[in-house]
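Each step along the sequence shown adds one to the number in the numbering used here, with nothing skipped, and position 740 is 760.
For each residue, glycine too, the CB sits at the ideal point set by N, CA and C.
These notes are about the structure you will find just below.
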Amino acid sequence: MDKTLLADLIRFNGIETAFTDAWGNPTTVAEQDQIKLLKALGFDVEDEALAQSQLEERQKLHWLEPIDPVSVQSQSSLNGPGQYNLQVRLPIDEVHAVLTVTITTEQGEAHQFTFSAIDAELSGVTVLDGALDHEQSGTEIQQYDWSFQADLPLGYHKLQLAVAGDEDVYEQSLIITPDKCFQPADFNQQKQWGVSVQLYGVKSETNWGIGDFADLARLVSHLAKQGADFVGLNPIHALYPAMPESASPYSPSSRRWLNLIYLSVPLLPGFGQCQQTAHLVQAPGFVEKLAAQRAKDWVDYSGVMQLKLPVLKTLFHWFSEHQQQVPELVTAFENFKQQGGDSLRQLALYDALHLHLIAQNPDAWGWPNWPEQYRSAVSEAVKAFAAEHQDDIEFFSYLQFCAQQQLATVQQQAKDSGMLLGLYRDLAVGVSEASTEIWANPDLYCRNASVGAPPDILGPKGQNWGLPPMLPYQLFRQAYRPMIELFRANMQDSGALRIDHVMALLRLWWVPKGAKSAGEGAYMYYPIMDLLGILALESQRQQAVVIGEDLGTVPDGIFELLQQFGMYSYRIFFFEQAEDGGFISPAHYPVQAMSALTTHDMPTLIGFWHCSDLKLGLDIGLYTEQILPGLYQDRHKAKQKILDSLHGHQALPADFGREIDSMGMSRTLSFAMQQHLAKGSCQLLCLQLEDWMEMTEPVNVPGTSDEYPNWRRKLSMTLEQLEVQPHINQHLQNLTANRRSGLYS
């Protein structure tokens with residue numbers, strides 16, 4: 021391809037051709053990989069003339085619109101508080117026309133201004149040639165930046181532009197944002213600790229074979245008594261009721277809605293009154309299956325759903341038939357549906373249709389392989405199905421309502437119990453190809469590429485996550501509404517939000533379909549300042565702290581930018597090493613951060629210390645016999661450095677061994693490592709239940725699918741057992757004391 025054309029296409033689409041890799045090496049994206057990505061974006065790379073024409077047409081769309089569909093501006097701009105900017109584009113013969121700008125705030129207050137473009141600052145000029153609007157072909161279009169002052173509140177406002185002599189009125193979503201995300205005033209008083217839990221893996225004597233919202237409430241209550249300030253959750257996004265084995269929380273159907281499998285069935289209205297429900301759950305066969313599911317060490321998603329779904333249907337029928345007895349519940353449900361709007365209805369429709377189709381064809385895993393007439397959410401066949409199955413759609417809407425109510429109850433309980441933050445949710449980086457989000461809004465996503473990561477320390481071969489990315493251009497065209505809804509929904513009923521792979525606000529590694537490896541991709545840039553502003557606005561409105569998972573390859577200056585916006589960084593103990601291999605003291609971690617020993621993508625403490633992850637990696641083909649000795653040697657060195665650091669901080673008893681040879685992980689060592697972090701400077705400390713229970717098996721092995729049963733391993737103790745472990749309870753009390761004293765800070 022012509023070099024100039026290639027450069028123009030790359031620049032227009034925001035593709036990065038050179039970056040610094042995880043090891044600090046300058047890296048250039050191969051030209052053939054750049055071209056593959058342009059093809060994924062819809063450009064005809066085989067026909068240069070056509071590709072040039074496609075580029076020009078997209079550029080013209082920008083110039084033919086008098087104003088952008090959206091503008092995100094800070095309430096305290098560089099020009100001073102209340103100073104805002106409007107960019108207008110007009111044919112040269114209209115730049116003297118009187119322009120009327122009307123801004124209607126969320127509260128309904130109107131602000132009106134008049135000006136002429138010629139009096140503003142000229143910021144761009146183009147001459148349209150062969151424009152879509154042929155009357156303007158050959159016309160010069162001028163772009164002006166007009167500054168104005170207004171007392172606008174934070175929020176989402178409507179700006180309208182009228183041009184004298186033009187009957188059309190042009191609209192823009194004007195979003196006024198704060199400078200920072202929410203930070204509780206109490207953060208200044210003391211440091212906090214909490215746990216991260218994979219909710220599906222929680223065991224109890226009362227759940228139905230999978231952790232649920234009732235279990236979460238019990239865990240919150242217990243930990244609050246021990247001094248914890250938050251409980252972190254895996255992504256609890258909506259998955260696939262018709263395909264329960266599609267269980268990865270990071271490959272959801274919709275990130276705006278909840279995973280119905282977490283419903284605590286006995287907490288639904290009518291459970292104690294519905295005779296049909298009682299008939300089901302008291303049947304000997306049901307009782308036997310329920311006991312079997314509780315006893316399993318790995319979640320059987322299909323088995324759990326087979327237990328829950330029929331009972332949930334009886335409870336929905338009870339609700340439908342007894343609405344006069346629960347008028348407040350009916351009103352709340354109607355309000356929920358109204359607020360959920362099209363998004364809720366599309367999810368409920370998708371779930372109902374999926375269940376219907378999979379009953380006919382067990383291989384109907386998602387809309388891409390459904391019969392052609394059902395592959396569009398707005399097709400006539402889908403509309404006909406919706407008309408004929410209103411009850412099924414209402415059923416799934418009702419389950420979402422119940423899930424939201426149960427989650428809200430847990431968060432309120434957490435706050436009432438004295439937790440500063442309560443629940444801390446996790447926002448996945450994307451959705452799977454079979455998702456409701458893509459089915460309902462296909463223009464927003466590039467299905468010819470996948471999100472992933474270039475080669476780095478965690479994945480030396482790169483990673484391909486199989487998640488179609490959002491198109492930055494379409495996100496802008498849709499006035500960022502999909503992101504606004506995502507942030508808002510995931511901050512609802514939570515005190516904090518962890519954004520998985522927070523670099524996605526700046527750039528995402530796109531891997532074109534058909535690439536031989538995940539390394540054959542490139543970074544696609546996103547409008548980070550706009551997205552950070554929206555994130556800060558929703559954070560302040562929902563009173564939710566934002567934590568950015570900033571592991572992996574992070575460009576210079578981004579850490580500082582995220583800190584400036586009040587976002588909390590992520591510090592993993594095992595990754596915090598100095599150049600000599602020694603482990604950095606937690607006293608030197610940034611205050612505005614969350615520290616942790618391990619994550620769901622890493623081995624447990626015992627697993628790390630005993631090299632169980634390396635043995636497992638060999639067994640399932642992640643590692644070869646040739647590289648394993650080097651990995652063992654590196655691990656041995658790391659363990660010795662950890663031991664040296666702990667002794668250097670007097671975090672271990674003086675008589676505790678100092679040589680790593682033949683030293684296994686002990687309770688003393690495990691708890692010492694956790695207390696070592698607790699004394700550090702980070703505002704937040706997050707630990708894992710697995711390490712209190714001295715578990716070995718990982719919950720997820722990155723880079724695997726069928727090789728390992730990811731997202732299924734349960735905890736080794738029930739909640740009832742956890743609550744009465746004296747050594748764990750003493751450990752938690754010590755955590756609270758060390759967090760409050762901040763010995764290393």
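By the 10 Å Cβ neighbour count, where 16 or more other Cβ atoms means buried, how is residue 553 classified, buried or exposed? buried
Assigned secondary structure, residue 618 (DSSP; H/G/I helix, E/B strand, else coil): coil
Suppose the cutoff is 7 Å on Cβ atoms and the five residues either side in sequence are ignored; what does the same chain contact list for residue 698 look like? 213, 705, 755, 758, 759
Cα-Cα separation between residue 761 and residue 269, rounded to whole angstroms: 36 Å
Just to confirm the assignment, what range does the beta strand (DSSP E) spanning residue 193 have? 189-197
Kindly give me the distance between the Cβ atoms of residue 542 and residue 530, rounded to whole angstroms, as I take these residues to be in contact under 8 Å. 6 Å
Alpha carbon to alpha carbon, how far is residue 267 from residue 725? Give it in angstroms, no decimals. 11 Å
Just checking my contact of residue 567 with residue 588 at CB under 8 Å: how many whole Å lie between their CB atoms? 4 Å
Just checking my contact of residue 444 with residue 508 at CB under 8 Å: how many whole Å lie between their CB atoms? Not really, about 16 Å apart at Cβ, beyond 8 Å.
Leaving aside the five residues before and after residue 284 along the sequence, list all residues of the same chain whose C-beta is less than 7 Å from its C-beta, in chain order. 232, 233, 234, 426
Once the 5 residues before and after residue 25 are set aside, which same chain residues still bring their CB inside 7 Å of it? 68, 71, 72
Cα-Cα separation between residue 479 and residue 570, rounded to whole angstroms: 15 Å
Return the chain-ordered ranges of every beta strand (DSSP E) run that is complete within the segment 23-63 and spans a minimum of 3 residues. 38-40, 46-48
What's the C-alpha gap between residue 151 and residue 534? For residue 151, the pLDDT reaches just 48, beneath the cut-off of 50, and the residue's location in the model is therefore unreliable, although a value from the coordinates is still provided. Whole-angstrom Cα-Cα distance: 35 Å.
How long is the line joining the alpha carbons of residue 106 and residue 140, rounded to whole angstroms? 10 Å
Measuring straight from C-alpha to C-alpha, what distance separates residue 631 and residue 689? 16 Å
Helix, strand or coil: how does DSSP classify residue 707 here? strand
Test item: CB-CB of residue 216 and residue 247 under 7 Å: no
Three-state secondary structure assigned by DSSP to residue 532: strand
Segments assigned beta strand (DSSP E), at least 3 residues, entirely inside the segment 485-545: 516-519, 527-532, 542-545
So what's residue 152 in DSSP terms, helix, strand or just coil? Low local confidence applies: a pLDDT of 48 at residue 152 is under 50, so the model's placement there is unreliable, with the coordinate-based value given in what follows. Looking at residue 152 - three-state DSSP - the assignment turns out to be coil, as it is neither helix nor strand.
Out of 133, 636, 685, 747, point me to the one whose CA is closest to residue 659's CA. 685
Among the residues of its own chain, which have a CB less than 8 Å from the CB of residue 255, if the five just before and after it don't count? 269, 270, 272, 275, 445, 446, 447, 448, 520
Just list the alpha helix (DSSP H) runs in the segment 661-710, keeping only unbroken ones of 4 residues or longer that don't cross its boundaries, in chain order. 687-698
Are the segment 122-139 and the segment 217-228 in contact at 8 Å, needing three or more beta carbon pairs? no
Residue 146 to residue 131, Cα distance in whole Å? 31 Å
Could you tell me which residues DSSP pairs with residue 217 in its beta bridges? 253
Under 7 Å between the Cβ atoms of residue 36 and residue 112? no
Measure the CB-CB distance between residue 709 and residue 739 and report whether it falls below 7 Å. no
Let me check understanding here. Comparing Cα to Cα, which of 482, 404, 489 lies closest to residue 455? 489
Residues near residue 154 by beta carbon distance below 7 Å, same chain, minus five either side: Unreliable positioning characterises residue 154 in this predicted model, as indicated by a pLDDT of 48, which lies under 50. The coordinate reading is nonetheless provided below. None.
Please name the residue, chosen from 615, 715, 669, 702, that lies closest to residue 687 on a Cα-to-Cα basis. 715
Should residue 608 go down as buried or exposed, given a rule of 16 or more other Cβ atoms within 10 Å for buried? exposed
Use the C-beta contact count for residue 315: other C-beta atoms within 10 angstroms, 16 or more gives buried, fewer gives exposed. exposed
Classification of residue 332 by the beta-carbon crowding that lies within 10 angstroms, buried from 16 upward: buried
Closest by CA to residue 662, which one among 692, 643, 746? 692
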